[in-house]
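Residue numbers (this note's numbering): 257 to 559.
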């Protein structure tokens, strides 16, 4: 898929020119090359936060490997993908932080053109392999990019999606402002599956000793700064962030009540056993159905 006409330097914001084996910025002189088969448009400035997150996710995805296609097909993923799937057929969609199992694969299946980005080149390799297996590799392009420094011109996309990764941005307001900049007026910005703030003030504080114990028993010597420092988002937090960026909120939908207990159990088991654990699709579907009911109950739907 050709996307040369919307590329711009993530630092100087001038349009990138294509040379024989790279893209370059006439203004800054920066050149962007292919690395491991994908163009790397990470900004040419030192950023410790991004460098550690990049190493962490490269390590994580190398160990995790390719995800099963049904692994993220729970009902709430279908819900937030649907507005982008319903866009006109020639629409262009951007997925930020696609990981090793991009939600945009189903969006590409629906005939949309997609650019999927991640800071981890390993994530791009695995997601690209999955795209080929699904026969959508002609509709989706993978590039390495930073959500806070998107290498795209203003008003380039009909919709932007970031799933379970907004809390991984060093500056969430800057990242959201970048999403607004690259989306056309009237287009969608979708933040899927972000942690609520209340567990960080309650349950997670009680689990701190267990977290420390797990880290003493494992082989990994790198951790995500974002996971260690995030405090999650309350409904009020989200409204404030969107207000600051001057975006209209169409919907804030709570997800994962009973399902979160099951998912947390699986994650804990994997970390204690230091190996992947098989997930029951039937249990996930049943709990998602229960959670759809809980969403309509007052008080609970504020959690």
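Cβ atoms here follow ideal geometry from the backbone N, Cα and C, with glycine treated the same way. Predicted model, so just to flag it, every value in this text is computed and none were measured.
(request) Return the CA-CA distance between residue 520 and residue 451, expressed in angstroms with no decimal places. (result) 12 Å
(message) Taking 7 Å as the limit between beta carbons, can you name the residues of its chain near residue 278, skipping five residues before and five after?
(response) 287, 288, 289
(request) Would you identify the three-state DSSP class for residue 460, choosing helix, strand or coil? (result) helix
(message) Taking the beta carbon of residue 448 as the centre, do at least 16 other beta carbons fall within 10 Å, making it buried, or is it exposed?
(response) buried
(request) Could you tell me which residues DSSP pairs with residue 263 in its beta bridges? (result) 408
(message) Does the segment 467-477 come into contact with the segment 429-449, if we say contact requires no fewer than three beta-carbon pairs (one atom in each stretch) closer than 8 Å?
(response) no
(message) Here's the rule I'm using: 16 or more other beta-carbon atoms within 10 Å means buried, otherwise exposed. How should residue 459 be labelled?
(response) exposed
(request) Mind listing, in chain order, the continuous alpha helix (DSSP H) runs of no fewer than 4 residues lying wholly within the segment 463-505? (result) 464-473, 481-485, 491-500
(message) I want to know whether the segment 504-514 touches the segment 525-535 - three or more CB-CB distances under 8 Å.
(response) no
(request) Decide yes or no for the touch test of the segment 330-347 against the segment 379-396: beta carbon pairs closer than 8 Å, at least 3 of them. (result) no
(request) Leaving aside the five residues before and after residue 353 along the sequence, list all residues of the same chain whose C-beta is less than 6 Å from its C-beta, in chain order. (result) 374, 418, 421
(request) Identify whether residue 373 lies in helix, strand or coil by the three-state DSSP scheme. (result) strand
(request) Alpha carbon to alpha carbon, how far is residue 542 from residue 514? Give it in angstroms, no decimals. (result) 10 Å
(request) State the beta-bridge partners of residue 398 as determined by DSSP. (result) 372
(request) Going by DSSP, name the residue or residues bridged to residue 351. (result) 372, 417
(request) Report the three-state DSSP secondary structure of residue 438 (helix, strand or coil). (result) helix
(request) Could I get the ranges of all uninterrupted beta strand (DSSP E) runs contained in the segment 280-335, with 3 residues as the minimum, in chain order? (result) 287-291
(message) The alpha helix (DSSP H) that contains residue 548, what's its start and end?
(response) 537-550
(request) Can you grab the Cα-Cα spacing for the pair residue 492 / residue 275, in whole Å? (result) 47 Å
(message) Within 10 Å of its beta-carbon, does residue 538 have 16 or more other beta-carbons around it, so buried, or fewer, so exposed?
(response) exposed
(message) Using the three-state DSSP reduction, which class does residue 553 fall into: helix, strand or coil?
(response) coil
(message) Pop quiz: residue 323 and residue 292 are said to be a contact at Cβ under 8 Å. What is the actual Cβ separation, rounded to whole angstroms?
(response) In fact, because the Cβ distance is near 19 Å, the residues do not count as touching under 8 Å.
(message) Just to confirm, is the Cβ distance from residue 348 to residue 413 under 7 Å?
(response) yes
(request) Please name the residue, chosen from 546, 549, 518, that lies closest to residue 534 on a Cα-to-Cα basis. (result) 518
(request) Assign residue 484 to one of two classes, buried (16 or more other C-beta atoms within 10 Å of its C-beta) or exposed (fewer than that). (result) exposed
(message) residue 410 and residue 437 - do their beta-carbons sit closer together than 7 Å?
(response) yes
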